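Undergrad: Pasting in a structure now, in structure tokens, and then I'll have a few things to ask.
2 protein chains.
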Amino acid sequence: MNLKQLAHMLALSQTTVSRALNGYPEVNEETRRRVMDAAKRHGYRPNPSARRLATGKTGMIGYVLPTGASVDIDPHFVEFLSGLGDYARSHELDLVLSPADADDQETTYRRIVANRQVDAVYISSPRPVDRRVALVNTLGIPFIVHGRSEGFDFDYAFTDIDNEGAFHEAARLLIQLGHRRLALINGDDRETFAIHRERGVRRALAASGLTLSERHVCSVDMTEENGYRATRRLLEEGDAPTAIACSSLIMALGVVRAVRDLGLSIPGDVSLIAHDDVFPWLRPENFSVPLSTTRSSIRLAGARVAERLAARISGLEEGARGEVWPVDLVVRGSVAGAPV
Amino acid sequence: MNLKQLAHMLALSQTTVSRALNGYPEVNEETRRRVMDAAKRHGYRPNPSARRLATGKTGMIGYVLPTGASVDIDPHFVEFLSGLGDYARSHELDLVLSPADADDQETTYRRIVANRQVDAVYISSPRPVDRRVALVNTLGIPFIVHGRSEGFDFDYAFTDIDNEGAFHEAARLLIQLGHRRLALINGDDRETFAIHRERGVRRALAASGLTLSERHVCSVDMTEENGYRATRRLLEEGDAPTAIACSSLIMALGVVRAVRDLGLSIPGDVSLIAHDDVFPWLRPENFSVPLSTTRSSIRLAGARVAERLAARISGLEEGARGEVWPVDLVVRGSVAGAPV
DNA sequence: AGAGTCTTCCAAAGCGCTTTGGCTTTTTCG
DNA sequence: CGAAAAAGCCAAAGCGCTTTGGAAGACTCT
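Sequence lines, in order, name chains E and U. Heads up: the first sequence begins at 1 in my numbering, then just goes up one per residue. Heads up: the second sequence begins at 1001 in my numbering, then just goes up one per residue.
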């Protein structure tokens, strides 16, 4: 059943039927009702391919997925996706993942924009002065950044959490508890979130006249194994920290394992605070010693990004508003006063 | 730059240019070269929207993503996606995720087929007599099932691992080590993979005249917490098992924690074998006691599914061939002889 | 040489929708 | 009451590609 047939059986022109269906004003309300009624009755659904050829609108949002044999997709992605998908569903939006060579995403961005394959895109895990952000900005496609990039001569729309504030609070708590030597086991420090977290820790330390030793900050891929290794190294050297801030729950697994392997205990010998993105399958309260966390649901962020993308597509949102969500500090058993 | 313009500047018809570009035989090789050359020089790329309107081909593969506030996307998904994306990239295929109400995926499947939104789809986490499989089969869109469904009066194409064989081998090993009371901490037993794994364990036990007590098999969502709870229950009851087979590494984290909480040890009191889908961020050899596993890279499966989808789209693969991959049994420190 | 066969190319008809420009008919208002 | 404005509808022109049905010229064969 296509427009032509529907128009014919209603004894109307395609124009009128099309307009009736798409809510244009220049059609009699009574006629509109007839049309919509007939459309529903016959299960008419406009052919999206035809529609996009005519309008350029696709009803899809895009994400360029970096791939490669040695490229691992972050497990956070799946939680983000849950939120994004949940919102997208209610708005009949589909998400198209365009796999790209991790070292050449530009080609793919250019392709999906030139081909008008999606109405909007989002960008995640941005770095400062992220090339992708600059690119999509000049390409002129609506976009939202999940996270933050910095150092451009233009503004853009983003949704981020207050990473600096979160780790500032975490570090401040540890300092209040008497810790003087903090360590930070961070994610890839080329990404903005990691930079912000480190900055938060440093700021808290500085406020008490302390500093973060270079040897006490690690930047690694956020795997269990790297959490373990980093912790071993930190605790086996002289001048070992008495408290650790850690950028992910998965790494925290490794931290806990390392502490135990060394015959030490949490929080007796080492206090630990980790960032929790809220996974259904790994919860900080269920660690052998319940983990204190800075908590922010990445799933909600996904839903929010989808919402904003939808708003931008339909012209409801404009401008370059960035929003920064506060992060909860949840204190559980893994922190205690510094050992004497 | 569109076909018309390109044709005009070559003083050829659109027909000829189109055919030259698409490799049709009825065009002079010399002409073809001229055309391809000009196309490249001017950066001509056919408009996909127009092409799909004309041909119905989209260059995209589809996945219906079950969503909902209480629906969690499995973290395995992201690894599968890594493989899928890696292959898809090399073939200029995009993946479209169509979010659907988890309780009504049929509508979405019908939509993406009726609208010709994708050239093929894949289905994951199938159950026996899975409605989705029956549906896409009747809808007539090319598809591959990742995993297996059963009990249809038709055949279909799937890529699965030998779950039954894997758990059969695992159980057999444990039995050989003298274990008599095995337990299985399984995933959702409405899904085929879980059913097969249980069957494998039962078969191994039966071969030695043993049985799997109903109280010793759990079917739960594969979270750390559920692994913990199941293990506590198993080990605190009378008639506790001396060996556990576990369907996921994430649950195994909970198993390990529970065993420790009870003051028991692995493998001294309990042997443990888990299934490993090969995550970069959590590796069995890095558990506090290195974990024996049945191992199969879900990432490779993703790549394979993409490969087969591409083959089916281009007509290179036909028929309903199912393939079952063998699973490695990797023995590490978490298994030992049964306690006396 | 004439008939038949390839080879190579083209004009035009879709694919199914939106949108422009215009044409009636009805309503409004001085 | 008549002119101007508004309402309601339509025919047709795109959107940019593929594909059908020829047609012209070159080649083969008897």
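Ideal Cβ positions, reconstructed from N, Cα and C, are used throughout, including at glycine. Only a predicted model underlies this, so the values are computations on that prediction, with no experimental measurement involved.
Counting contacts by CB-CB distance shorter than 9 Å, is U:Ile1073 in contact with chain E?
TA: As a working note, residue 1073 of chain U is residue 73 in the second sequence. Answer yes: the Cβ-Cβ gap between U:Ile1073 and chain E drops below 9 Å somewhere.
Undergrad: Whose CA, out of U:Asp1103, U:Ala1050, U:Val1064, lies closest to the CA of E:Gln117?
TA: As a working mapping, residue 117 of chain E is identified with position 117 in the first sequence. The candidate whose alpha carbon is nearest that of E:Gln117 is U:Ala1050.
Undergrad: Compare the C-beta of U:Glu1307 with all C-beta atoms of chain E and state if any pair is closer than 9 Å.
TA: Reading the second sequence from its first residue, position 307 is the one you call residue 1307 of chain U. Taking Cβ atoms only, chain E never reaches closer than 9 Å to U:Glu1307, which makes this a no.
Undergrad: For U:Pro1284, does the three-state DSSP call read helix, strand or coil?
TA: Against the second sequence, residue 1284 of chain U aligns to sequence position 284. U:Pro1284: helix per DSSP, three-state reduction.
Undergrad: Would you say U:Ser1250 lies against chain E (beta-carbon separation less than 9 Å)?
TA: Residue mapping note: residue 1250 of chain U aligns to position 250 of the second sequence, counting from 1. Checking the sequence, you will find Ile at residue 1250 of chain U rather than Ser. Output row for U:Ile1250: interface = yes.
Undergrad: Do you know how far the Cα of E:Arg89 is from the Cα of E:Ala134?
TA: The sequence position of residue 134 of chain E within the first sequence is 134, counting from 1. The sequence position of residue 89 of chain E within the first sequence is 89, counting from 1. When rounded, the distance between both Cα atoms is 29 Å.
Undergrad: If the cut is a Cβ gap below 8 Å, which residues of chain U does E:Tyr228 touch?
TA: Locating residue 228 of chain E in the first sequence gives position 228, counting from the first residue. Those are Asn1286, listed as they occur along chain U.
Undergrad: For E:Pro99, which three-state DSSP category applies?
TA: Indexing the first sequence from 1 puts residue 99 of chain E at position 99. Note: E:Pro99 maps to strand in three-state DSSP.
Undergrad: Verify the CB distance criterion: does U:Thr1231 have a CB-CB separation below 9 Å to chain E?
TA: Taking the second sequence and counting its residues from 1, one reaches residue 1231 of chain U at position 231. It does not; no Cβ of chain E falls within 9 Å.
Undergrad: With a threshold of 9 Å between beta-carbons, can E:Glu79 be considered close to chain U, or not?
TA: For the purposes of this step, residue 79 of chain E is taken as residue 79 along the first sequence, with counting starting at 1. Judged by the 9 Å Cβ criterion, E:Glu79 is in contact with chain U.
Undergrad: Alpha carbons only, please: which of E:Asp328, E:Arg332, E:Gly322, E:Arg199 is nearest the one belonging to E:Val145?
TA: Stepping through the first sequence from its first residue, residue 145 of chain E is reached at position 145. Per the Cα distances, E:Gly322.
Undergrad: Would you kindly report the start and end of the unbroken alpha helix (DSSP H) that includes U:Met1009?
TA: Working through the second sequence from its first residue, we reach residue 1009 of chain U at position 9. Per DSSP, U:Met1009 belongs to the alpha helix (DSSP H) from 1003 to 1010.
Undergrad: Taking only beta-carbon positions, decide if E:His279 is within less than 9 Å of chain U.
TA: The sequence position of residue 279 of chain E within the first sequence is 279, counting from 1. Strictly speaking, residue 279 of chain E in this sequence is Phe, with His absent from that position. Cβ-Cβ to chain U under 9 Å: yes for E:Phe279.
Undergrad: Under the three-state reduction of DSSP, which class applies to E:Ala258: helix, strand or coil?
TA: Within the first sequence, numbered from 1, the residue matching residue 258 of chain E stands at position 258. Residue state, collapsed to three classes: helix.
Undergrad: Got a sec: is the Cβ-Cβ distance from U:Ala1039 to anything in chain E below 9 Å?
TA: The sequence position of residue 1039 of chain U within the second sequence is 39, counting from 1. U:Ala1039 does not count as touching chain E.
Undergrad: Give a yes or no on whether the C-beta atoms belonging to U:Leu1174 and U:Val1335 are separated by under 9 Å.
TA: To locate residue 1174 of chain U, count along the second sequence from 1; it is residue 174. To locate residue 1335 of chain U, count along the second sequence from 1; it is residue 335. For U:Leu1174 and U:Val1335, yes; Cβs fall inside 9 Å.
Undergrad: Quick one: what's got a C-beta closer than 7 Å to U:Asp1086's C-beta in the same chain, skipping five residues either side?
TA: Numbered from its first residue, the second sequence carries residue 1086 of chain U at position 86. Taken in chain order, the residues that qualify are Ala1303.
Undergrad: Which one or two residues does DSSP pair with U:Phe1158 in a beta bridge?
TA: Within the second sequence, numbered from 1, the residue matching residue 1158 of chain U stands at position 158. Beta-bridge pairing links U:Phe1158 to U:Val1145, U:Gly1322.
Undergrad: Candidates U:Ile1161, U:Tyr1063, U:Ser1098, U:Thr1107: which alpha carbon is nearest U:Arg1197's?
TA: Along the second sequence, one-based indexing puts residue 1197 of chain U at 197. Closest option to U:Arg1197, Cα to Cα, is U:Ile1161.
Undergrad: Nearest chain U C-beta to E:Gly347 closer than 9 Å, yes or no?
TA: In the structure as shown, chain E begins at 1 and stops at 340. Residue 347 of chain E is therefore absent and cannot be evaluated.
Undergrad: Which partner residues does E:Leu272 have in the DSSP bridge list?
TA: Here the question's residue 272 of chain E lines up with position 272 in the first sequence. DSSP lists E:Ile244 as partners of E:Leu272.
Undergrad: Under 8 Å Cβ to Cβ from E:Glu225, same chain only, skipping five residues before and after it: list those, please.
TA: Translated into positions along the first sequence, residue 225 of chain E becomes position 225. Counting only Cβ-Cβ distances below 8 Å, and skipping sequence neighbours, we find Gly254.
Undergrad: From this set, E:Pro326, E:Gly319, E:Glu317, which residue's C-alpha is nearest E:Ser296's C-alpha?
TA: Counted from its first residue, the first sequence places residue 296 of chain E at position 296. The shortest C-alpha separation from E:Ser296 is found at E:Pro326.
Undergrad: Under 9 Å between C-beta atoms, does E:Ala50 make it to chain U?
TA: As a first step, residue 50 of chain E must be located in the first sequence, where it is residue number 50. At least one chain U Cβ lies under 9 Å of E:Ala50.
Undergrad: What is the DSSP secondary structure of U:Ile1175, counted as helix, strand or coil?
TA: Counting from one through the second sequence, the residue named residue 1175 of chain U turns up at place 175. If DSSP states are grouped into helix, strand and coil, U:Ile1175 belongs with the helices.
Undergrad: Along chain E, in chain order, which residues have C-beta atoms closer than 8 Å to that of U:Leu1253?
TA: Reading the second sequence from its first residue, position 253 is the one you call residue 1253 of chain U. Chain E residues near U:Leu1253: Leu253, Leu282.
Undergrad: Which same chain residues end up closer than 6 Å to U:Ala1310 when comparing Cβ atoms and leaving out the 5 residues on each side of it in sequence?
TA: Locating residue 1310 of chain U in the second sequence gives position 310, counting from the first residue. For U:Ala1310, where only same-chain residues beyond five positions count, the Cβ hits under 6 Å are His1091.
Undergrad: Could you check which residue in U:Glu1106, U:Ser1213, U:His1168, U:Leu1010 has the C-alpha nearest to that of U:Leu1139?
TA: As a position in the second sequence, residue 1139 of chain U is number 139, starting the count at 1. Minimum Cα distance to U:Leu1139 is reached at U:Glu1106.
Undergrad: On the premise that E:Ala157 lies in contact with E:Arg257, defined as a C-beta separation below 8 Å, what is that separation, rounded to the nearest angstrom?
TA: Translated into positions along the first sequence, residue 257 of chain E becomes position 257. Translated into positions along the first sequence, residue 157 of chain E becomes position 157. No, E:Arg257 and E:Ala157 are not in contact; Cβ-Cβ is about 40 Å, not under 8 Å.
Undergrad: Along the chain, which unbroken stretches of the alpha helix (DSSP H) at least 4 residues long are found entirely within the region 1014 to 1075 of chain U?
TA: DSSP runs (the alpha helix (DSSP H)) wholly in the region 1014 to 1075 of chain U: 1014 to 1021, 1029 to 1041, 1048 to 1055.
Undergrad: Indicate the three-state DSSP secondary structure (helix, strand or coil) for E:Arg127 in the structure shown.
TA: The residue labelled residue 127 of chain E in the question sits at position 127 within the first sequence. Residue state, collapsed to three classes: coil.
Undergrad: How is the beta strand (DSSP E) around U:Ala1183 delimited, first residue to last?
TA: Along the second sequence, read from residue 1 onward, the residue named residue 1183 of chain U stands at position 183. Run containing U:Ala1183: 1182 to 1186, per the beta strand (DSSP E) assignment.
Undergrad: Does the distance from the CB of E:Val187 to the CB of E:Val220 come in under 9 Å?
TA: Along the first sequence, one-based indexing puts residue 187 of chain E at 187. Along the first sequence, one-based indexing puts residue 220 of chain E at 220. Per the sequence shown, the amino acid found at residue 187 of chain E is Gly instead of Val. The answer is yes: Cβ separation under 9 Å.
Undergrad: Under the rule that 16 or more other beta-carbon atoms within 10 Å means buried, what is U:Leu1316, buried or exposed?
TA: On the second sequence, position 316 is the one that residue 1316 of chain U refers to. It counts as exposed.
Undergrad: What is the residue span of the alpha helix (DSSP H) that U:Thr1108 lies within?
TA: Here residue 1108 of chain U corresponds to residue number 108 of the second sequence, with the count starting at 1. Looking at the DSSP string, the run of the alpha helix (DSSP H) that includes U:Thr1108 is 1106 to 1114.
Undergrad: Please confirm if U:Asn1047 has its CB atom under 9 Å from at least one CB of chain E.
TA: For the purposes of this step, residue 1047 of chain U is taken as residue 47 along the second sequence, with counting starting at 1. Chain E, which has a Cβ nearer than 9 Å to the Cβ of U:Asn1047, makes this yes.
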